[in-house]
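Enquirer: My questions will all concern the structure given below.
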Amino acid sequence: MSPSDTDISDETLTAYLNGALSQPEADMVADALIDSPALAARLSALEVPISELRPALSQMLEEMPPGVLPPSHDRSTQGRRGGLIMAGFALLLGLGIGAFAIPRPPPGWHDDVARIQALYVADTLRVTDQTPEATADQLALVAARLGRSLAPATDVPGLAFKRAQIMGFRGQALAQLAYLAEDETPIALYVLKSAEKAALTTTRLEGLDAASWSDGAYAFLLIGGTDPARIKAAALHVQAAL
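Counted from 1, the sequence shown has number 207 at position 207 by UniProt numbering; the numbering is strictly sequential.
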């Protein structure tokens, strides 16, 4: 039995445009689009012309600190252009739709994330040196899935940025930016959507020092090591940068 137009939400249509649905889900939406001009019109309304996307995409790229993109980086290269345009497209859609329904963070998410971070050792990240192009792709994917660019948080005094990735946590996208401190202590920034607002506070989770805050749209947790002063200083820097 095919779903009606109203059974398919804008979030599902956005995921369809982003290629984020499973094959059965994508097939279901495709079949519904064939039978429903109204649904096709809703999908069309969600599409952003490339000419309107480029300024926002350029701004996202300019936010990346020096060193993330090489000076000779050619943004007109066909393969890179396609990937960044799609990521930026998804970012704009995420910003537009996410404003209507920002979820609360799952209860106890700090503890669950801390248990993950406690498994990290220096070797986990020491071998993750990658090209600037790969880093840019990772940051673009994170921005697309999260609805917010975290590129400014890659430049933190005393921390060497290693990678960015999207994880899943109880049905929500959870972004992770991983770093190594100067003494090779693994540290990570975790970000997910949250409608709550809270000032920066420090704590200790799973034997690791941590700092958390939320700005009414996203919740942040910076965690790693056993140096509370380092974590607080880095968290204040990230909070100001974002």
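Glycine is no exception: its CB is placed at the ideal position from the N, C-alpha and C atoms.
#1: Does the separation of the CB atoms of A198 and G224 fall below 9 Å?
#2: Should Q130 go down as buried or exposed, given a rule of 16 or more other Cβ atoms within 10 Å for buried?
#3: Mind checking who I223 pairs with in its DSSP beta bridge?
#4: Do the region 196–211 and the region 224–239 touch if we need at least three Cβ pairs shorter than 8 Å?
#5: For the candidate residues V142, R204, A143, whose alpha-carbon lies nearest to that of P228?
#6: What are the residues that DSSP puts in a beta bridge with M167?
#7: Assuming contact is defined by CB atoms lying nearer than 9 Å, are L180 and L125 in contact in what I supplied?
#8: Note down the Cα distance separating A233 from A41, rounded to an integer number of angstroms.
#9: Within a Cβ cutoff of 7 Å, which residues of the same chain sit near V156, ignoring the five residues on either side of it in sequence?
#10: Going by DSSP, which residues form a beta bridge with Y179?
#11: Could you check what DSSP says for G204 in three-state terms: helix, strand or coil?
#12: Within a Cβ cutoff of 7 Å, which residues of the same chain sit near L43, ignoring the five residues on either side of it in sequence?
#13: So, A211 versus L192, is the Cβ gap smaller than 9 Å?
#14: Please identify the residue among R115, D112, E133, E182 whose C-alpha is closest to the C-alpha of A164.
#15: I think G158 touches E182, with their Cβ atoms under 8 Å apart; what is that distance to the nearest whole Å?
Expert: Inspection of the coordinates gives the following:
#1: Stepping through the sequence shown from its first residue, residue 198 is reached at position 198. Stepping through the sequence shown from its first residue, residue 224 is reached at position 224. No.
#2: Stepping through the sequence shown from its first residue, residue 130 is reached at position 130. With fewer than 16 other Cβ atoms within 10 Å, it is exposed.
#3: Within the sequence shown, numbered from 1, the residue matching residue 223 stands at position 223. A188, A210, per the DSSP bridge assignment.
#4: yes
#5: In the sequence shown, the residue the question calls residue 228 occupies position 228. That would be R204, whose Cα lies nearest to the Cα of P228.
#6: If you number the sequence shown from 1, residue 167 lands on position 167. L174, per the DSSP bridge assignment.
#7: Working through the sequence shown from its first residue, we reach residue 180 at position 180. Working through the sequence shown from its first residue, we reach residue 125 at position 125. Cβ atoms of L180 and L125: closer than 9 Å.
#8: Here residue 233 is taken as the residue at index 233 of the sequence shown, counted from 1. Here residue 41 is taken as the residue at index 41 of the sequence shown, counted from 1. The straight-line gap from Cα to Cα measures roughly 49 Å.
#9: Position 156 of the sequence shown holds residue 156. So the list reads Y179, A234, H237, V238, once near-sequence residues are dropped.
#10: Against the sequence shown, residue 179 aligns to sequence position 179. Its beta-bridge partners are F161, I187.
#11: To locate residue 204, count along the sequence shown from 1; it is residue 204. Looking at the sequence itself, residue 204 is Arg, so the reference to Gly does not match. Strand, per DSSP.
#12: Position 43 of the sequence shown, counted from the first residue, corresponds to residue 43. Here the set comprises L13, L33.
#13: On the sequence shown, position 211 is the one that residue 211 refers to. On the sequence shown, position 192 is the one that residue 192 refers to. Cβ atoms of A211 and L192: not closer than 9 Å.
#14: To locate residue 164, count along the sequence shown from 1; it is residue 164. With distances taken between Cα atoms, A164 lies closest to E133.
#15: Along the sequence shown, one-based indexing puts residue 158 at 158. Along the sequence shown, one-based indexing puts residue 182 at 182. Confirmed, Cβ separation roughly 6 Å.
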